[in-house]
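Take 42 as the starting number for the sequence shown in this note's numbering and just add one per residue.
Shown next, in structure tokens, is the structure this report addresses.
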Amino acid sequence: MALELELVSPIEVAKDVALAVQEYTLLSAQSVANFFRRPLYMGDMLQQADLIGVGSLPIVILTGLSVGALLALNAASTLQRFGGITLIGQLVSIGMVTELGPLITGLMVAGRNASGMASELGSMIVTEQIDAMRALGTDPTKKLITPRIGATAFMLFFLTIIADLLGLIGGYAVAHLIFGLNSQQSAGRRIYDSHCDRCHEPYSTRGKKGPGLKGMFQHKYLSLSGLPANDERVTDIIRLGRNEMPGYSQTLSSQDLQDLLAYLHTL
Ligand code: HEC
């Protein structure tokens, strides 16, 4: 048999595309409208919620965890350069909860379930089950499509929460296990921001009024005074002050000083 190549006019192609869009829109509108017409096949909806929601749990957990961890891993080197590695928690939580969590959940649920639904419903058409349904007086969109849409929308809500949570856990694991961060350093950063930031730059070795503090514990001696860069000396400097720097023995408790020092070590 000779291979028949048919030339299709672009207008025909455009018509086909327009028709597909139209049918898709109508089907979507109808399946949503079905929510307001009885009967509501709650049993099917529950079954689909189980298949779609619980079935998608493993992949949502896996992607949520890895996206959160990767976000932290990726951002860490850039944040480190600006003395802000302690901000990694804010970065991961805002990124996960507002953007990446919903996005990856939507993509994963669509990817996992859409093709399965298409083949299931397609085989029902081929075996004429849909026609049989129609003959018996059941609306196939109401019985087959609406429960799937309702169940997906309902379960996406919970899956997104789970993906967000797992993303936060992944980010925490990276920040804690790889970069050794803890809440003490975050507390220290807040003290730094309110007391030291107006005179010291955390992300450069040049300064504002005082010398920049980036990498202050990386060398043996402090850059300006040449004093040994260890916890005792720096604590003394903070408590007693130096020339133009005020002392903080009155303002900061010893717990504050410890937190602050923990933060300074991350610079
Ligand atoms: C009013 C501005 C000001 C504030 C606020 C301030 N500093 Fe300073 N700091 C200075 C100046 C100026 C120097 C340099 C002093 C000198 O040796 O002449 C300095 C020096 C230092 C040094 C020694 C650096 C070196 O290389 O010798 C450290 C460490 C330090 N400050 C930490 C802190 C910390 C931590 C805080 C917050 C609790 C803080 N400073 C708040 C102005 C300030």
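Backbone N, C-alpha and C fix where the C-beta goes; we use that ideal spot for every residue, glycine too.
Predicted model only: the values in this text are computed from it and were never measured.
Item: Residue span of the alpha helix (DSSP H) that contains ARG274, given as start and end; Value: 272-281
Item: Inter-residue spacing [alpha-carbon to alpha-carbon] between GLY124 and TYR65; Value: 52 Å
Item: Pick from SER134, GLY163, GLY147 that is closest to ASP205, judged by C-alpha positions; Value: SER134
Item: For SER69, the nearest candidate out of ILE279, ILE190, GLY130 (CA to CA); Value: ILE190
Item: PRO287 beta carbon near the ligand HEC (any heavy atom closer than 7 Å); Value: yes
Item: Test item: CB-CB of ILE202 and ILE102 under 8 Å; Value: no
Item: Any non-hydrogen atom of the ligand HEC within 7 Å of LYS261 CB; Value: no
Item: When PRO143, LEU281, GLY130, THR168 are compared against GLN225, the one with the closest alpha-carbon; Value: GLY130
Item: Runs of alpha helix (DSSP H) lying entirely within the region 120-154, each at least 4 residues, in chain order; Value: 129-135
Item: ASP277 versus ASN284 - alpha carbon distance; Value: 13 Å
Item: Identified DSSP bridge partners for PRO269; Value: TYR262
Item: Host alpha helix (DSSP H) of ILE202 (start-end); Value: 187-214
Item: Distance between THR187 and ILE72 (C-alpha atoms, nearest Å); Value: With the sequence shown as reference, residue 72 is identified as Ser, and Ile is not the correct amino acid for it. Computed Cα separation, rounded: 5 Å.
Item: Boundaries of the alpha helix (DSSP H) in which SER235 is found, first to last residue; Value: 224-236
Item: LYS255 CB to nearest heavy atom of the ligand NAD below 7 Å; Value: Absent from the structure shown: the ligand NAD. Ligands present: the ligand HEC.
Item: Contact test: GLY251 Cβ vs the ligand HEC heavy atom, cutoff 7 Å; Value: yes
Item: DSSP state of MET257 mapped onto helix, strand, coil; Value: coil
Item: Whole-number beta carbon distance between ILE93 and ALA192, since they are thought to touch under 8 Å; Value: 5 Å
Item: heavy atom of the ligand HEC below 7 Å from ASN271 C-beta; Value: no
Item: Nearest-angstrom beta carbon gap, ASP300 and ALA216 [assumed within contact, 8 Å]; Value: Wrong, their Cβ atoms sit about 17 Å apart, outside the cutoff.
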